[in-house]
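One structure is given below, encoded as structure tokens.
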Amino acid sequence: MKIKEYVKSAILCALVFSSIVLTLLIWNFSPDLTNVENEPTKEVSKSIGPRFDEEISQVVAPLQMVQVQGMKVEGMPATSEVNHLTDVFHKQQVKKVVYIENEQVLLLRELSDHFVVLDYPTDIPLSMYLSDVLDLQAKVPSQFKFDRLIYDIDETDDLVVYAIDAERHRAVKMTTTVKVESIKTHLKELKTALRPYMNISTNEDTVNKATYIYAQKNPENLKTYRTIFNHINVEDLNAILFDDTPIVRTTKSGNTIYNNNTGVVNYDPDSKTYHYTNLSEDERSTRDMNISIPRTFDYINEHGGFTDDFRLFQSNSHQGLITYQMFLNGRPIFYPNELNQIHVSWGEHGIFEYSRGLLKTNVTIDNGQKAKRLPTAEDVRASLASNSTIDFRKVEQLVVGYRMVPEKEPDDRLEIQVNSQFEPTWYIKHAGTWYEYNDGELIEQ
297 MKIKEYVKSA
307 ILCALVFSSI
317 VLTLLIWNFS
327 PDLTNVENEP
337 TKEVSKSIGP
347 RFDEEISQVV
357 APLQMVQVQG
367 MKVEGMPATS
377 EVNHLTDVFH
387 KQQVKKVVYI
397 ENEQVLLLRE
407 LSDHFVVLDY
417 PTDIPLSMYL
427 SDVLDLQAKV
437 PSQFKFDRLI
447 YDIDETDDLV
457 VYAIDAERHR
467 AVKMTTTVKV
477 ESIKTHLKEL
487 KTALRPYMNI
497 STNEDTVNKA
507 TYIYAQKNPE
517 NLKTYRTIFN
527 HINVEDLNAI
537 LFDDTPIVRT
547 TKSGNTIYNN
557 NTGVVNYDPD
567 SKTYHYTNLS
577 EDERSTRDMN
587 ISIPRTFDYI
597 NEHGGFTDDF
607 RLFQSNSHQG
617 LITYQMFLNG
627 RPIFYPNELN
637 QIHVSWGEHG
647 IFEYSRGLLK
657 TNVTIDNGQK
667 AKRLPTAEDV
677 RASLASNSTI
687 DFRKVEQLVV
697 GYRMVPEKEP
707 DDRLEIQVNS
717 QFEPTWYIKH
727 AGTWYEYNDG
737 ELIEQ
């Protein structure tokens with residue numbers, strides 16, 4: 297019996313001792329809050345589309361790609377596959393920069409007979425393009441702008457790139473560490489999509505292989521597409537642009553005005569357009585496109601504003617205004633009331649103005665109609681040159697785009713959807729403005 301009592305006493309003492317030790321450990325325990333305190337609070341930005349869905353190389357992108365190999369000229373619209381040409385510059389460098397200027401027509405004397413032309417719809421600051429789009433650091437003239445890049449595909453190992461200004465009088469020649477073979481490999485992947493192109497001279501500045509206007513020679517087998525749009529909710533955009541709930545009022549015209557102390561929105565329910573002005577920003581928006589283009593891209597991208605294939609289409613440094621335009625299959629879409637565009641300008645610290653159409657694509661399909669054949673590039677050139685009301689010398693680009701034609705809907709149609717047709721059509725850039733080509737005439741958009 298005494299042995300059992302001793303065992304019970306020993307067990308009891310062990311339990312009491314363990315309890316004391318555990319109590320002391322609990323009192324002295326201090327959790328490691330280092331990671332918790334330093335963990336950044338992630339703000340979930342409001343969105344009207346997929347967040348951070350676009351890369352800047354897919355938005356600051358060309359209109360078309362043309363490959364010139366001796367007398368053979370082929371090209372294609374700048375699809376996403378063409379835009380991925382920028383991938384070859386990843387982790388590469390610019391070894392040498394040479395500035396070229398001619399008082400008359402630009403001459404690139406060292407350009408070989410095999411090169412690739414990338415035409416852009418607007419002027420782009422070269423320094424911004426190199427750093428933000430290609431992630432390359434190079435000392436180039438800070439105010440130099442280009443609307444054409446030429447990749448020289450000759451027998452040398454390293455790729456030479458020429459950036460050419462819109463006037464075709466100046467260029468920046470850049471020797472890179474990119475291997476020419478990587479460009480050739482990419483071009484082989486695009487070979488089946490290439491179609492015959494032709495060169496066009498419109499004035500004394502477009503008279504050689506580096507400065508010609510290039511256009512698709514015989515556009516045929518072009519499909520018309522039918523698209524169903526969904527509406528972007530006005531309240532979703534208001535939640536992004538306003539810090540608090542705005543005051544709402546309706547004008548006599550039927551437009552709705554939203555405003556608070558920092559901003560005002562004009563929403564037109566008939567045209568489905570939305571225009572915001574930031575009252576806390578200075579009236580004079582930033583004119584430096586080196587700043588405005590990347591910042592407006594980031595701003596729109598952060599709230600999923602690139603709801604379709606939008607691309608930089610016009611940068612007006614005089615007004616500080618940037619236009620992003622909707623594309624389909626690498627071709628621009630045109631529509632008179634700007635449903636196909638995003639207009640934005642950057643102020644001193646943030647967005648100054650932001651306007652857009654409130655439609656986003658739900659589904660796009662072939663409409664089943666017979667493929668369309670357009671006038672040849674030569675027919676378009678000849679008719680424009682012979683039209684006495686058009687200054688042919690001011691023709692800058694000829695491309696095939698899409699005309700957006702809304703379909704007539706029954707009165708009982710669903711308000712959240714709008715149907716449209718995308719019809720292939722020639723478009724001409726003349727004196728800085730885009731026009732629809734129609735039987736020898738230019739129709740303003």
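For the sequence shown, this note's numbering assigns the number 297 to the initial residue and increments by one for each residue that follows. We put the CB at the ideal spot given by N, CA and C, even for glycine. Being a predicted model, the structure only gives us computed values, none of them experimental.
With 16 other CB atoms within 10 Å as the buried threshold, where does residue i fall?
i	result
P421	buried
V701	exposed
W730	buried
A727	exposed
E703	exposed
K484	exposed
N626	Here the sequence assigns Gly to residue 626, which means Asn is not the residue at that position. The residue is buried, with at least 16 neighbouring Cβ atoms inside 10 Å.
V659	exposed
N261	For residue 261 there is no data in the structure shown, the boundaries of the chain being 297 and 741.
I724	buried
H386	exposed
L575	exposed
S549	exposed
I661	exposed
P492	exposed
M361	buried
P327	Residue placement at P327 cannot be trusted, given a pLDDT of 44 that sits under 50; the coordinates are not used to answer.
E577	buried
L359	buried
A467	buried
V394	exposed
N734	exposed
H639	buried
D443	buried
N529	exposed
D415	buried
D540	exposed
L403	exposed
Relative to the C-alpha of residue i, which residue among the options is closest?
i	options	result
N663	E719, P542 and R689	E719
Y563	N574, K368, V544 and T660	V544
N517	K666, D443 and N625	K666
M372	V413, T657, S716 and F385	V413
Q354	M367, D383, S343 and L537	D383
R652	I661, E634 and K668	E634
I460	D450, D428, P437 and K391	P437
A357	V369, Y458, T471 and M622	M622
S427	I352, V476 and S376	I352
I739	F630, T541 and V714	F630
V561	D578, R583, A535 and N586	A535
K475	E451, L490 and T498	E451
S684	L654, S716, N612 and E737	E737
N612	V695, E692, L486 and P417	P417
V429	P590, L533, S679 and A462	P590
E644	V390, Q512 and I587	I587
M470	R522, R677 and L407	L407
P632	Q433, E732, F648 and Y620	E732
M494	L432, M367 and T552	M367
H527	M424, I344, Y650 and E399	I344
Run through the DSSP bridge pairs and tell me what residue i is partnered with.
i	result
G600	DSSP output for G600 lists no bridge partner at all.
G653	T569
S684	Partner(s): none; S684 has no beta bridge.
G697	T721
T660	T523
N734	E737
T507	DSSP, once it has assigned bridges, lists no residue as partnering T507.
H726	V691 and T729
T592	According to DSSP, T592 bridges with nothing at all.
A459	L445 and V468
Could you spell out where the beta strand (DSSP E) holding residue i opens and where it closes?
i	result
Q750	Because the chain in this structure spans residues 297 to 741, residue 750 falls outside the shown range and cannot be described.
S353	Counting along the chain, S353 falls outside any beta strand (DSSP E), though it belongs to the alpha helix (DSSP H) covering I352 to V355.
R627	R627 to F630
S641	Q637 to W642
I344	First-last for I344: undefined, no H or E at that position.
Q610	F606 to N612
T619	L617 to L624
For the alpha helix (DSSP H) that residue i lies in, which residues bound it at each end?
i	result
E531	V530 to L537
Less than 8 Å between CB atoms is the rule here; does residue i satisfy it with respect to chain D?
i	result
N658	Protein chain content of the structure displayed is limited to a single chain, and chain D is not contained in it.
Starting from the N-terminal side, write out each stretch of the beta strand (DSSP E) that is 3 residues or longer and does not extend beyond the stretch 461-495.
List check, beta strand (DSSP E) in window: 466-475.
Considering only residues of the stretch 362-449, which uninterrupted alpha helix (DSSP H) runs meet the minimum length of 4 residues and lie entirely inside it, listed in chain order?
Here the runs fully enclosed are 376-379.
Length at least 3, wholly inside the stretch 545-583: the beta strand (DSSP E) runs in chain order:
Runs found: 552-555, 559-564 and 569-574.
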